[in-house]
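Below: one structure, written as structure tokens.
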Amino acid sequence: MPDVIFNGPEGRLEGRYQPGKTPNAPVALILHPHPQFGGTMNNKVVYHLFHAFAQRGFATLRFNFRGVGRSQGEFDNGIGELSDAAAALDWLQTFNTDAPATWVAGFSFGAWISMQLLMRRPEIQALFQLPPLRINMISHSLPLARLRALWFRARQMISSHRLRYKS
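Heads up: take any position in the sequence shown, counting from 1, add 3, and you land on my numbering.
This is the structure:
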């Protein structure tokens, strides 16, 4: 799992990247919790999400938002962090041009950013979110019909990519 540095809107962003198991593997971008409350790409939930996607063959990227770890810049109340996520997705897609599916997963603040990214990037086919995510973050962000359609599509993709939990 190589460390990577890529260009973001406010400077370099630090990440960890695991290439897919096949040349046309689906891609997954993992977003961490709130930077002002200790959230980093090394958060245990983010770490395990990253490895779960990677073990299932996805080309997977987790990264630190601006101002966290070796990522440059300063916290921007979600606005700049959304731009960071878009830059990370661009970087991931540059190395995986034949990916049949694009997933974004977020935990807490990362879940909120992932919803914002979803509304701006139509190529995102599946959204995986973990609480805590406050309802007031959702209420004005995502139309319910789009959320239902994504949930249905994600369930289909989970089946087709055999992402069922194995005990």
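Even for Gly, the Cβ is constructed at its ideal location relative to N, Cα and C.
- Check the Cα spacing between P29 and each of S111, L92, I116: the tightest is with L92.
- Going by C-alpha positions, P134 is about 30 Å away from N27.
- Around the beta-carbon of Q39, fewer than 16 other beta-carbon atoms lie within 10 Å, marking it exposed.
- As DSSP reads the structure, L52 sits in no beta bridge.
- Cβ-Cβ distances below 7 Å link G23 to G60, F61, A62, N99 in the same chain, with the five nearest sequence neighbours on each side left out; the list follows chain order.
- Nearest in C-alpha terms to I8, of all of W94, L34, G41, is W94.
- Annotation: T100 is outside any alpha helix (DSSP H) and is labelled neither H nor E by DSSP.
- Cβ-Cβ distances below 6 Å link E77 to G70 in the same chain, with the five nearest sequence neighbours on each side left out; the list follows chain order.
- The closest CA to that of R73, considering only L32, A102, L16, L34, is found on L16.
- The Cβ-Cβ distance between W106 and A129 falls below 8 Å.
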